[in-house]
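Q: Top line first, the protein sequences correspond to chains A and B.
178 is the number that my numbering gives to position 165 of the first sequence; each next residue is one higher, with no gaps.
1492 is the number that my numbering gives to position 143 of the second sequence; each next residue is one higher, with no gaps.
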Amino acid sequence: MNKAATTDVQTAEQRLVDRAARGDRDAQRQLFEELRDAVYRVAYRLTGRSEDALDVVQDAFIRAFGQLSRFERGASFRTWLLRIATNRALDLLRSRRVRYAVPLHPVDDSEPRDTIADPRIGGPDESLDAAESAARARAALEVLPIEQRCVFAMFAEGGMTYGEIAEAVGVPIGTVMSRIFHARRKLRELLGDLWPEQADEVTRERPG
Amino acid sequence: MNAQDERCRDVAPLLARALSGGLDQLDGVAVDRLAAHLDGCERCAAAMSGCAADGVPTAVPPIAMPADATWERVWRRIAQASETATVTASGADIVRFRRFASTAGLALAAALMMLIAIVGRLDPGRDTAELRLAPGGAVQIDGIEVADGTSFVLTIGSDDAPVIWVIDERSEDKP
Ligand SMILES: [Zn+2]
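(1) State the Cα-Cα distance for the pair glycine 176 of chain A and arginine 1382 of chain B, rounded to the nearest angstrom.
(2) Mapping the DSSP letters down to three states, classify methionine 173 of chain A as helix, strand or coil.
(3) Looking at the structure shown, is alanine 1416 of chain B part of a helix, part of a strand, or coil, going by DSSP?
(4) Measuring only between beta-carbons, confirm whether proline 1410 of chain B sits less than 8 Å from chain A.
(5) If the cut is a Cβ gap below 7 Å, which residues of chain A does alanine 1352 of chain B touch?
(6) Do we get a CB-CB distance below 8 Å when we pair arginine 1426 of chain B with the residues of chain A?
(7) Does any C-beta atom of chain A lie closer than 8 Å to the C-beta of alanine 1402 of chain B?
(8) Which same chain residues end up closer than 6 Å to valine 222 of chain A when comparing Cβ atoms and leaving out the 5 residues on each side of it in sequence?
(9) Let me check understanding here. Comparing Cα to Cα, which of B/Ala1396, B/Cys1390, B/Pro1410 lies closest to aspartate 206 of chain A?
(10) So the candidates are A/Ala88, A/Ala153, A/Phe78; which of them puts its Cα closest to the Cα of leucine 59 of chain A?
(11) Any chance the CB of histidine 1386 of chain B is under 7 Å from a heavy atom of ligand 1?
(12) Checking 8 Å against the spacing of the C-beta atoms, do alanine 1401 of chain B and glycine 187 of chain A come in under that value?
(13) From what residue to what residue does the alpha helix (DSSP H) around cysteine 1357 of chain B run?
(14) Could you confirm whether any beta carbon from chain B is found closer than 8 Å to the beta carbon of proline 158 of chain A?
(15) How is the alpha helix (DSSP H) around leucine 1372 of chain B delimited, first residue to last?
(16) Using a Cβ-Cβ distance cut-off of 8 Å, determine whether valine 70 of chain A contacts chain B.
(17) Within 8 Å (strictly less), CB to CB, does aspartate 50 of chain A reach chain B?
(18) Going straight from the alpha carbon of arginine 1445 of chain B to that of aspartate 72 of chain A, what length do you get?
(19) Take the Cβ of arginine 1358 of chain B as the centre, count every other Cβ of all protein chains shown within 10 Å, and call the residue buried at 16 or more, exposed below.
(20) Anything in chain B within Cβ reach of serine 89 of chain A, meaning under 7 Å, just list it in chain order.
(21) Whole angstroms is fine: what's the gap from methionine 1414 of chain B's alpha carbon to glutamine 1374 of chain B's?
(22) Taking only runs that begin and end inside the stretch 29 to 97 of chain A, name each unbroken alpha helix (DSSP H) of 4 or more residues, in chain order.
(23) The alpha helix (DSSP H) that contains aspartate 1381 of chain B, what's its start and end?
(24) Mind checking whether leucine 95 of chain A and valine 52 of chain A have CB atoms under 8 Å apart?
(25) Using only the alpha-carbon positions, how far apart do proline 158 of chain A and arginine 151 of chain A sit?
(26) So, at 7 Å on beta carbons, what are the nonlocal neighbours of proline 185 of chain A in its own chain, with the 5 sequence-adjacent residues on each side left out?
(27) Helix, strand or coil: which one does DSSP assign to threonine 184 of chain A?
(28) Please state the DSSP three-state secondary structure of leucine 157 of chain A.
(29) Measuring straight from C-alpha to C-alpha, what distance separates arginine 38 of chain A and lysine 199 of chain A?
(30) List, in order along the chain, the chain B residues whose C-beta lies closer than 8 Å to that of alanine 143 of chain A?
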C-alpha cells in the first residue's frame, strides 16, 4: 500500500469512528466487521480459548464504543482497540486460575451448536491433525513469557507494526523487536516440525 | 561524524538485515545489541517503526475463525450492552465484564440467583437482564467491590456462562 492509499484508509476509518462516536449503529457495526477478526486472533493467541477470545472481542468493542467520544482524532482506532483487547485478555489470564463458568441452564446437547467455520480444515482426519496442531501451538505459546506472547500476538495476528505495538504496549521499538525475535525463535524451536516450509519467516517493511 | 552517528554506523548492517526481513537469521547477541541501540536512538527506531508481519505466515498454525452465526450473536450483545451502558452508566467510564470465578463461583451464583429473584426473571429467549443490587447487598466480583445500588448488566456468554457487566469508573484504557 502506498502512502496516499494508507492515508485514505486512515481517513475512511476516522470518518467511520466519528459516525460511531455519534452513536451511529451502522458505523459501529462496520467497525466491528472490519476489526473483529484481528481482535479475535490476538485474543485467541493470548487466552488460547475460543470462548475467552469471543468474550474479549465483546468486551473490547463495548469499551471502545463507550469511550469513542473521547477518542483522540488522528490516533489509530485499530491500535487503540487492540490495546484494549490485549488488556482485557491479560485480565482474563490473571483471573483464570479461579475462573469457572457456571451455565445458567443445562446445555441441551440436541440443540445444534455453532460450528467453527474453517475452510482449511477438511475431513475428520484433517480436523484431528488441525486440533492436535492447535493444541501444540497453544501449549507452545503458554511457554512464552507473557510480555513476549502479547507482542507476538499483536505482530503476527493483529497485523500491527513495531511502532504501533510500541505505542500500544508502552515500550520502545527495540524492546518490541527483541520480544518478537525471542518469541518466534522459541516457537520455531517448539513447532518448527509442523511447518518446515515456513522456517524462513520474514518481516516486511510496510510502506508508510 | 559525532558519537551518535558512529553508534548508528556500528549497527547499520544489523539494522539493514532486520529491515530486509533477516531478523531471524541474526543471533541473540546481535539482536540484543540492535535492540539496545534502537531503544536509545530515535532515528534508527523510526526506520524500524513501520515493520509488520503483513500476511507472512507464522510458526504457529492458523486460527479457526468463528462462524457467522457466532459473530452475529456477539454483535447483538455488543449493541445491547452498549445501549444499556449508555442508559445505565450516565457518565461512568464504561462497563467491564467478569465471569464467575470457581472458588467464589457458587456464592456468586447464589447471589446472582437472589438478585434475579429480587429484580426480575431472566426470561428464556432474552439475552440481557439489567440488574440492580438490592439494598444491604454487597458482593465482590473479581476484585471489583460492588455495593448497594450498583448497576449490573447480565448477559449470557458465548459458552452459555453468565457474564456480569459492572459499571467501572476505573478505566485504564484512556484513548
Ligand atoms: Zn541509530
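Each residue gets a CB set at the ideal place from its N, CA and C atoms; glycine is no exception.
A: Walking through what the data contain:
(1) 19 Å
(2) coil
(3) coil
(4) yes
(5) Neighbours of alanine 1352 of chain B on chain A: none; closest Cβ ~18 Å, over 7 Å.
(6) yes
(7) yes
(8) In the structure as shown, chain A starts at 14 and stops at 221, and residue 222 of chain A therefore has no counterpart that could be examined.
(9) B/Pro1410
(10) A/Ala153
(11) yes
(12) no
(13) 1352 to 1368
(14) no
(15) Taken as a continuous stretch (DSSP letters only), leucine 1372 of chain B belongs to no alpha helix (DSSP H), as it is neither H nor E.
(16) yes
(17) yes
(18) Because arginine 1445 of chain B sits at a pLDDT of 38, beneath the cut-off of 50, its placement in the model cannot be relied upon, and the following sentence gives the value as read from the coordinates. Each residue's alpha carbon lies about 7 Å from the other.
(19) exposed
(20) Per Cβ cutoff of 7 Å: no residues; serine 89 of chain A is ~10 Å from chain B at best.
(21) 32 Å
(22) 38 to 60, 63 to 80
(23) 1377 to 1389
(24) yes
(25) 13 Å
(26) Ala179
(27) The sequence given here has valine at residue 184 of chain A, not threonine. Coil, per DSSP.
(28) coil
(29) 43 Å
(30) Pro1410, Ala1413
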